[in-house]
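Remarks on the structure that follows.
In our numbering, the protein residues as written are 4 to 683.
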């Protein structure tokens, strides 16, 4: 596959991975949005269902409290008002929402159910308001009825006593009959009051009957006390009977005073009774409608299961995106691994091919040439070919030079042969002396050169010793700084150990306080148990204090353990710092000793440099003396200047050139050149 195709495939894989990552992020965001929506709506549904369920309870509570209020129970009126207000508040939450909890108004899906509840609630609320508006009337009337229930039996009892007295005194039969009829009227009055309080359809008639009977009772009572010709009632003359009649008259004053109130309030009481009956009927309907509303909210919450399924689908899509990303990345990795393997194989083949091509080069074959390809070995092959070309030119030049030298040697050898015979004897003697002088001169010059080099070496030794001395001083200063820093760090760590000890003391104090608190809590629990039911609430507090003290004690023990660990680590760090300080001091001492040794080396090097300088001066003097001897030998050699000089020079040139020619031919004899170069 070409590099362009590989690049396109890699770019396509990257695009796929980026697209899959974008899809994954989108799916995850949608998943979070969906679940957040579901969570919010689920919370709203719970509140809706809770309010609807509470409406059901309140509808029955209102009916119960309304019945009890109509029966004259004072506490029922407050309970009825509270239930009405609570119902109204929850109903407003469903209609308009709750800004405190963020609950919106009930959705339009339950509009019909809300409307049904609204209609019945308005009617029930009106009946409830009727009962609450007549609270004082109902309570007052029932108070009057309660008083009458106590008074009328007394009237009956007193009337029966009057009958007994009249019978004992042999009063007229008419008076006895009136007295007995009074007892019956009292019983009828009490029955009429009870009928009025029952609030049924006969309450109004019972109130009228109550008024008539009470009026009749009063007129008869006055007639028995004072006589009444119109009613044909004669006055009772017996003193005891009149005393009883006076007591009856005193008791009857409350009954006669209540007649108007009962007659006036009986219609209102009837309204209360009717309102209570209406509430009882409406409460059942309202209960059913509130139940329907709650079921509608529950069904609405169940209808959101599709959103849950959407969340699951989004989760599966996100998981699928992750799997696809993994598959694409695995595929891209495998592709890269295959490309790398192919590239390594091509490089290995190129290296082996290059090694095969230049294998003969090691044997001196300069005819080889490496193949220049597009592989990474192409540049190496090009460099090797260039080096072979340069080596070919060098070997050819050496061969040509060797041939020229060999020709010159032949010419010089002819001249030397001719001169050698003429100056052989003289040259031998002069040569011996000349060689001796030359050897001595070369030796002196060598000594002088070695002495000069020794001076340079000695000077370098002095410089190195100076530099080493400076390095040692710097090292000592650095170690002193390190020692000061370590000592400062050791002081801080010691202060940390002291702070840890103070923390440990504070923790011990807290532990003691916790123990004392635990003991006080135990004593309080004992006192509470001795107090019985009156100390039960305090016993719970004592138990909580005891558990708090135990947790405080446990926490302080943990802190104490940590503080001890910190103190141990601090002590070990201090010991380590002290050991490090000792080592630094010992290192500084060693560095100081090394500085002293370097100073001694510096001094010895200076002395050695002075001695080498003296040797150099002496060698120079010996070299000058050798030059003088050489000049004397030159004067001696003037007699054989032409012969000896020519022969010596020729012999030396011939020897050197022969050696050079031999060495050059031997050095290039192992190389193989192309045929064109050899012929040239």
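All C-beta atoms in this analysis are idealised placements derived from N, C-alpha and C, irrespective of residue type, glycine included. Values in this document were obtained by computation on a predicted structure and should not be read as measured data.
Residue 132 holds the alpha-carbon nearest to the alpha-carbon of residue 85 among 549, 132 and 11. It is roughly 7 Å from the alpha-carbon of residue 331 to the alpha-carbon of residue 16.
A straight line joining the alpha-carbon of residue 83 with that of residue 116 spans about 25 Å. In this structure, 227 is the residue among 152, 221 and 227 with its C-alpha nearest to the C-alpha of residue 166. In the structure shown, residue 101 adopts extended strand secondary structure according to DSSP, grouped into three states. Only exposed fits residue 519, as fewer than 16 other CB atoms lie within 10 angstroms of its CB.
When only Cα atoms are considered, residue 286 and residue 208 end up about 30 Å apart.
Setting aside the 5 residues that flank it on each side, residue 87 is surrounded in the same chain by 131, each with a C-beta closer than 6 Å to its C-beta; the list follows chain order. Around the beta carbon of residue 54, a 10 Å sphere encloses 16 or more other beta carbons of the protein chains shown; the residue is thus reported as buried. In this structure, residue 224 lies near residue 185, with their beta-carbon atoms less than 8 Å apart. By the Cβ rule, the segment 319 to 334 does not count as touching the segment 151 to 160, because fewer than three pairs are nearer than 8 Å. Assignment of residue 361 by DSSP, reduced to helix, strand and coil, places it in the coil class.
Looking at the DSSP output, residue 106 bridges to 101. Under the three-state reduction of DSSP, residue 492 is assigned to helix. Short of 8 Å from the beta carbon of residue 548, and not among the five residues preceding or following it, lie these beta carbons of its own chain, in chain order: 520, 523, 524 and 527. Distance from the CA atom of residue 572 to the CA atom of residue 504, rounded to whole angstroms, is 13 Å.
Straight-line spacing of the CA atoms in residue 162 and residue 76 works out to 32 Å. A distance below 8 Å separates the beta carbons of residue 513 and residue 559. By DSSP's assignment, residue 231 forms a beta bridge with 236.
The C-beta distance from residue 455 to residue 619 rounds to 6 Å, short enough to fall under 8 Å.
Rounded to the nearest angstrom, the gap between the Cα atoms of residue 102 and residue 211 is 55 Å. Membership of residue 122 in the alpha helix (DSSP H) is indicated by the continuous run 114 to 136.
Counting the other Cβ atoms within 10 Å of the Cβ of residue 253 gives fewer than 16, which makes it exposed.
Residue pairing by DSSP puts residue 675 in a beta bridge opposite 368. Taking all protein chains in view, the Cβ of residue 51 is crowded by 16 or more other Cβ atoms within 10 Å, so the residue is classified as buried. In the three-state scheme derived from DSSP, where H, G and I count as helix and E and B as strand, residue 375 is classed as coil. At the C-beta level, residue 109 and residue 97 come within 8 Å of one another.
In the three-state reduction of the DSSP assignment, residue 444 falls in the helix class. Contact between residue 374 and residue 382 fails: their C-beta atoms lie close to 13 Å from each other, not under 8 Å.
In the three-state DSSP reduction, residue 76 falls in the coil class, being neither helix nor strand. Look at residue 174 here: in three-state DSSP terms it is coil, with no helix or strand label. Straight-line spacing of the CA atoms in residue 347 and residue 596 works out to 58 Å.
In its chain, beyond the 5 residues on either side, 66, 69 and 70 have a beta carbon closer than 8 Å to the beta carbon of residue 283.
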